[in-house]
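Q: In our numbering, the protein residues as written are 46 to 422. Dumping the structure here so I can ask a few things about it.
Next comes the structure, spelled out in structure tokens:
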């Protein structure tokens with residue numbers, strides 16, 4: 046006859062087994078397959094050419110490309126702060142490029158010298174001077190190329206010793222980033238191109254732009270026209286660890302060559318381009334254009350400025366998620382009606398993207414932002 050103790054042991058064992066089966070079922074049902082869903086949209090009562098913006102902790106911030114305006118709004122589209130700065134003289138804000146939110150305040154980089162530090166109401170708290178003149182001349186928007194690490198600013202700001210990013214083999218021969226200390230107003234060069242990158246070779250390619258994100262004491266960095274995710278460990282120094290192939294199905298590139306790529310060669314096709322990079326503790330999210338092949342590009346006269354707005358007709362826009370320990374997700378198509386994604390804080394949180402009214406063919410007197418969500422299949 047089974048005694049009471051044995052019965053209790055059997056019950057506990059059965060309960061434990063059920064719990065473990067539930068855990069296993071939950072884990073096996075999880076897959077790194079995702080879809081992108083439009084949940085809603087909001088309207089912001091402001092109209093301008095917007096190519097730069099962020100959305101963090103329930104608050105959005107956008108910059109007018111042609112005027113010195115910063116617009117802060119909430120998740121309902123309500124404008125919280127509208128700030129206009131003079132374009133010349135005292136109090137002016139010039140050449141503002143990438144925006145970054147940190148502890149409810151904001152930083153904005155420029156190509157030439159200043160890093161602007163704004164308070165929550167977009168008043169300038171201080172203008173941080175870099176110790177040398179920058180040599181980058183812009184031309185790209187909504188990049189992720191500034192981050193805070195240990196109360197220092199890690200940023201893309203080439204120009205140390207007068208070295209220009211437009212010179213031959215800049216990415217092979219020179220540090221990529223600067224680590225700026227706001228307290229001492231000093232900066233040190235950090236991060237070299239790894240040997241796994243095509244930009245470490247003697248061949249010439251189309252000039253890239255740099256995106257990076259920090260997570261769990263790791264730096265994740267990409268060159269825009271190379272489908273590799275470069276991973277660096279951050280400690281006493283920033284040290285390369287490995288490079289991960291993104292495995293895209295559509296990534297059209299100008300092949301490497303023995304001489305520098307000329308402007309005439311660059312306007313014969315549209316190269317694939319990584320244009321966004323985001324992260325949470327368990328994921329790195331990359332967005333990229335697949336590019337436009339030479340025949341399509343030339344036949345539709347896409348090198349002309351008046352046809353720039355037609356690019357979404359011919360190139361696909363993708364999103365891919367790298368899950369730590371598991372690898373890459375499926376390739377998600379981003380609808381052509383989306384112009385720029387402001388930010389992705391986590392795969393679990395909704396995020397916002399500016400609608401491309403020009404592509405849709407609608408004229409509005411306000412800005413529309415889609416509320417999006419990544420949903421695990």
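Note that the Cβ used here is the ideal one computed from N, Cα and C, for glycine as well.
1) Is residue 359 helix, strand or coil by DSSP?
2) What is the rounded straight-line gap between the Cα of residue 341 and the Cα of residue 350?
3) Pick helix, strand or coil for residue 243, following the three-state DSSP scheme.
4) What did DSSP end up calling residue 324 once you bin it into helix, strand or coil?
5) Quick check on residue 410: buried or exposed, where buried means 16 or more other Cβ atoms within 10 Å of its Cβ?
6) Return the first residue and the last residue of the beta strand (DSSP E) that residue 411 is part of.
7) Under 8 Å by Cβ, that's how I've got residue 387 and residue 105 pegged, so tell me the actual separation to the nearest angstrom.
8) With DSSP run on the structure shown, which of helix, strand or coil describes residue 149?
9) Under 7 Å Cβ to Cβ from residue 182, same chain only, skipping five residues before and after it: list those, please.
10) Ends of the beta strand (DSSP E) at residue 306?
11) What residues are listed by DSSP as bridge partners for residue 117?
12) Between which residues of its own chain and residue 319 is the CB-CB distance below 7 Å, once the five residues before and five after are set aside?
13) Go to residue 223, then tell me how far its beta strand (DSSP E) extends in each direction, as first and last residue.
14) Quick one: give me the first and last residue of the alpha helix (DSSP H) that residue 215 is part of.
15) Taking DSSP as the reference, what is the three-state secondary structure of residue 138?
16) Could you please give the first and the last residue of the uninterrupted alpha helix (DSSP H) stretch that includes residue 341?
17) In whole angstroms, give me the CA-to-CA distance for residue 239 and residue 208.
18) Evaluate residue 194 with the Cβ neighbour count: other Cβ atoms within 10 Å of its Cβ, from every protein chain shown; 16 or more gives buried, anything less gives exposed.
19) Counting C-beta neighbours from all protein chains within 10 Å, is the total for residue 322 16 or more, i.e. buried, or is it exposed?
20) Does any heavy atom of the ligand NAD sit closer than 7 Å to the C-beta of residue 178?
21) Contact defined as beta carbons within less than 8 Å: I believe residue 152 pairs with residue 140. What is the distance between those atoms, to the nearest angstrom?
22) Would you list, in sequence order, the uninterrupted beta strand (DSSP E) runs of no fewer than 3 residues that lie entirely inside the stretch 253-298?
23) Using three-state DSSP, classify residue 251 as helix, strand or coil.
24) Residues in the same chain with beta-carbon distance under 6 Å from residue 68, minus the five sequence neighbours each way, listed in chain order, please.
25) Determine which residues share a DSSP beta bridge with residue 166 and list them.
26) In the DSSP output, which residue or residues are listed as bridge partners for residue 192?
27) Any idea what DSSP makes of residue 396, helix, strand or coil?
28) For residue 354, is the classification buried or exposed, using 16 other Cβ atoms within 10 angstroms of its Cβ as the cut-off for buried?
29) May I ask you to report which of helix, strand or coil DSSP gives residue 77?
30) Give me, in chain order, the residues of the same chain whose beta-carbon lies closer than 6 Å to that of residue 122; leave out the 5 immediate sequence neighbours on both sides.
31) Determine whether the beta carbon atoms of residue 236 and residue 289 lie at a separation below 8 Å.
32) State the start and end residues of the unbroken alpha helix (DSSP H) segment that holds residue 404.
33) Buried or exposed for residue 254, going by 16 or more other Cβ atoms inside 10 Å?
34) Which same chain residues, not among the five before or five after residue 174, have their C-beta less than 7 Å away from its C-beta?
35) So, using beta-carbon positions, are residue 220 and residue 198 closer together than 8 Å?
36) Look up residue 418 in the DSSP assignment and give the residues it is bridged to.
A: According to the data block:
1) Taking the chain shown and counting its residues from 1, the one referred to as residue 359 is at position 314. Residue 359: helix per DSSP, three-state reduction.
2) Translated into the one-based positions of the chain shown, residue 341 becomes position 296. Translated into the one-based positions of the chain shown, residue 350 becomes position 305. Spanning the two alpha carbons is a distance of roughly 16 Å.
3) Looking up residue 243 in the chain shown gives position 198. DSSP places residue 243 in helix when its eight states are reduced to three.
4) For the purposes of this step, residue 324 is identified with residue 279 of the chain shown, where counting begins at 1. In this structure, residue 324 counts as strand in the three-state DSSP scheme.
5) Locating residue 410 in the chain shown gives position 365, where the first residue counts as 1. Exposed, by the Cβ-count rule.
6) Along the chain shown, read from residue 1 onward, the residue named residue 411 stands at position 366. No beta strand (DSSP E) contains residue 411, which DSSP labels as neither H nor E.
7) Translated into positions along the chain shown, residue 387 becomes position 342. Translated into positions along the chain shown, residue 105 becomes position 60. Sure, about 6 Å apart at Cβ, within 8 Å.
8) In the chain shown, counting from the first residue as 1, residue 149 sits at position 104. Residue 149: coil per DSSP, three-state reduction.
9) In the chain shown, residue 182 corresponds to position 137, counting from 1. Excluding residues within five positions, the ones whose Cβ falls inside 7 Å are 156.
10) Counting from 1 along the chain shown, the entry for residue 306 is found at position 261. Segment: none, residue 306 is in no beta strand (DSSP E) and carries neither H nor E.
11) Translated into positions along the chain shown, residue 117 becomes position 72. In the DSSP output, where bridge partners are listed per residue, residue 117 has 106 and 126.
12) Along the chain shown, read from residue 1 onward, the residue named residue 319 stands at position 274. Once the five neighbours on either side are set aside, the close Cβ partners of residue 319 are 256, 267, 269, 331 and 333.
13) Working through the chain shown from its first residue, we reach residue 223 at position 178. From DSSP, the beta strand (DSSP E) with residue 223 extends over 222-226.
14) Position 170 of the chain shown, counted from the start, is the residue given in the question as residue 215. From DSSP, the alpha helix (DSSP H) with residue 215 extends over 215-218.
15) Here residue 138 corresponds to residue number 93 of the chain shown, with the count starting at 1. Correct three-state label for residue 138: coil.
16) Here the question's residue 341 lines up with position 296 in the chain shown. Looking at the DSSP string, the run of the alpha helix (DSSP H) that includes residue 341 is 339-344.
17) Locating residue 239 in the chain shown gives position 194, counting from the first residue. Locating residue 208 in the chain shown gives position 163, counting from the first residue. Their Cα atoms are separated by approximately 19 Å.
18) Your numbering for residue 194 matches position 149 in the chain shown. Exposed, because fewer than 16 other Cβ atoms sit within 10 Å of the Cβ of residue 194.
19) In the chain shown, counting from the first residue as 1, residue 322 sits at position 277. Buried, by the Cβ-count rule.
20) With respect to the ligand NAD, the structure shown offers nothing to examine, as it has no ligands at all.
21) The sequence position of residue 152 within the chain shown is 107, counting from 1. The sequence position of residue 140 within the chain shown is 95, counting from 1. Contact flag wrong, Cβ pair sits at about 14 Å.
22) 255-260, 263-268, 273-279 and 283-290
23) Within the chain shown, numbered from 1, the residue matching residue 251 stands at position 206. If DSSP states are grouped into helix, strand and coil, residue 251 belongs with coil.
24) The residue given as residue 68 occupies position 23 in the chain shown. Note on residue 68: pLDDT 40, under 50, position unreliable in the model; no value is reported.
25) In the chain shown, counting from the first residue as 1, residue 166 sits at position 121. DSSP output for residue 166 lists no bridge partner at all.
26) Translated into the one-based positions of the chain shown, residue 192 becomes position 147. DSSP lists 199 as partners of residue 192.
27) On the chain shown, residue 396 is found 351 positions in, with the first residue counted as 1. In this structure, residue 396 counts as strand in the three-state DSSP scheme.
28) For the purposes of this step, residue 354 is taken as residue 309 along the chain shown, with counting starting at 1. Exposed is the call here.
29) Against the chain shown, residue 77 aligns to sequence position 32. DSSP places residue 77 in coil when its eight states are reduced to three.
30) Here residue 122 refers to the residue found at position 77 of the chain shown. Taking residue 122 as the centre and dropping the five residues before and after it, the same chain places the C-beta of 87, 88 and 89 closer than 6 Å to its C-beta, in chain order.
31) Counting from one through the chain shown, the residue named residue 236 turns up at place 191. Counting from one through the chain shown, the residue named residue 289 turns up at place 244. No, these two residues do not count as a Cβ contact at 8 Å.
32) On the chain shown, residue 404 is found 359 positions in, with the first residue counted as 1. Element bounds for residue 404: 402-405.
33) Taking the chain shown and counting its residues from 1, one reaches residue 254 at position 209. The residue in question, residue 254, is buried, as its Cβ has 16 or more Cβ neighbours within 10 Å.
34) Counting from 1 along the chain shown, the entry for residue 174 is found at position 129. If we look at residue 174 and ignore the five residues flanking it on each side, its Cβ neighbours are 158, 159 and 230.
35) Counting from one through the chain shown, the residue named residue 220 turns up at place 175. Counting from one through the chain shown, the residue named residue 198 turns up at place 153. No, the Cβ-Cβ distance between residue 220 and residue 198 is not below 8 Å.
36) If you number the chain shown from 1, residue 418 lands on position 373. 82.
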